[in-house]
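Taking it in order: structure first as structure tokens, then the write-up.
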Amino acid sequence: MSTTPILKLHGLSKHFGGIKAVNDVSFELAPGEIVGLIGPNGAGKTTLVNIVTGRMPPSSGRIVFEGQDVTTQRAHQAARRGLCRTFQIVQPFPAMTVLENVTAGALFGAGAASPTEARAQAMESLAFVGIAGLAGQPAATLTLAARKRLELAKSLAMKPRVLMLDEVNAGLNSNEIEGATALIRRIAERGVTVLIIEHLMKVVLSLSKRLLVLHHGRLIADGPAAEIVADERVVEAYLGQKFAARLRQAQHGEAQLGEAQNG
Ligand SMILES: Nc1ncnc2c1ncn2[C@@H]1O[C@H](COP(=O)(O)OP(=O)(O)O)[C@@H](O)[C@H]1O
Ligand SMILES: [Mg+2]
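Read in order, the letters of the sequence shown correspond to residues 79 to 341 in our numbering.
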């Protein structure tokens, strides 16, 4: 695997009036990595994704994607470069069919040469996420789990190089989460670099060896998952003492977590 980062953030900030939603955040993603981004509600996770994928400009800082400065890019430019995301609140066009929704994504994000090509890409993405059978249904008729799959198919039809998944499991039951987790793993196996925002630690830890932790807009930790979950600041900011104690107990004896990290 190449060690040249596919994505680099340099001192990225976003202010909304007096709120520093994202505050001087820097990190790099290596190609092919699955990285978990965690943090309490309001930490700035979605805002970070919004900035990186061109939905809103940063207040300051730089974004470098595949060696190119893309700080001022718009959303469609980000998508065409392969810097793609899913939305935390999925909003398909309800009257359009599932296939039409994904085809629109392919046209927007992948610059498909023709509608025929876009439809073919869309069908392939729908098959990949396992809802090809729903292609002809109006999006409004889908269950939440299927809507989340549709959202994934839409972003896959954009041919992502980096995919940012914003709480794709929220609201799903444990069977559905298991299916979605397997799917995310298969997406990464295709060579897509994945940044996954996820509240369920079990899911994050099963997918990611590396975690980033945001708190009040600041990146307070970046490192191997086993060290992060033992980091006192992370425990206080996010995980809670009870969870951390259980986790340490569960992992007691495992070499990597043998010594709890301090500070
Ligand atoms: N468009 C916006 N306008 C004003 N404030 C916003 C906007 N988007 C997010 N915020 C604020 O920025 C902070 C971070 O929000 P968000 O990025 O949604 O956090 P998270 O995804 O980690 O829950 C919150 O205080 C939120 O209210
Ligand atoms: Mg969010």
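Even for Gly, the Cβ is constructed at its ideal location relative to N, Cα and C.
With a 10 Å radius around the Cβ and a threshold of 16 neighbouring Cβ atoms, F171 comes out exposed. With a threshold of 7 Å, the Cβ atom of F171 does not count as near ligand 1, since no heavy atom of the ligand is closer than that. At a Cβ-Cβ threshold of 8 Å, A213 and L220 do not count as neighbours.
With the criterion CB distance below 6 Å from any heavy atom of ligand 1, the matching residues run F94, I97, A99, G117, N119, G120, A121, G122, K123, T124 and T125 along the chain. Distances from the CA of A258 to each of E229, G269, M236 and G160 were compared; the closest alpha carbon is that of E229. Put simply, the backbone Cα of P118 is about 43 Å away from that of T194. For E267, the number of other beta carbons within 10 angstroms of its own is below 16, and it is reported as exposed.
Ligand 2 has a heavy atom closer than 7 Å to the beta-carbon of D244.
In the DSSP annotation of this structure, the continuous segment of the alpha helix (DSSP H) that includes S233 starts and ends at L222 to L234.
A direct Cα-to-Cα measurement between N179 and A304 gives close to 39 Å. For Q319, the shortest separation between its Cβ and any heavy atom of ligand 2 does not lie below 7 Å. Its chain contains R197, A200, M201, L204, A213 and G214 as the residues whose beta carbon lies nearer than 8 Å to that of L177, once the 5 sequence neighbours on both sides are disregarded; these appear in chain order. With respect to the 8 Å criterion, V207 and L234 are classified as neighbours on the basis of their beta carbons. Each residue's CA atom was taken as its position, placing G249 and T125 some 21 Å apart. With a threshold of 7 Å, the Cβ atom of Q166 counts as near ligand 2, since some heavy atom of the ligand is closer than that.
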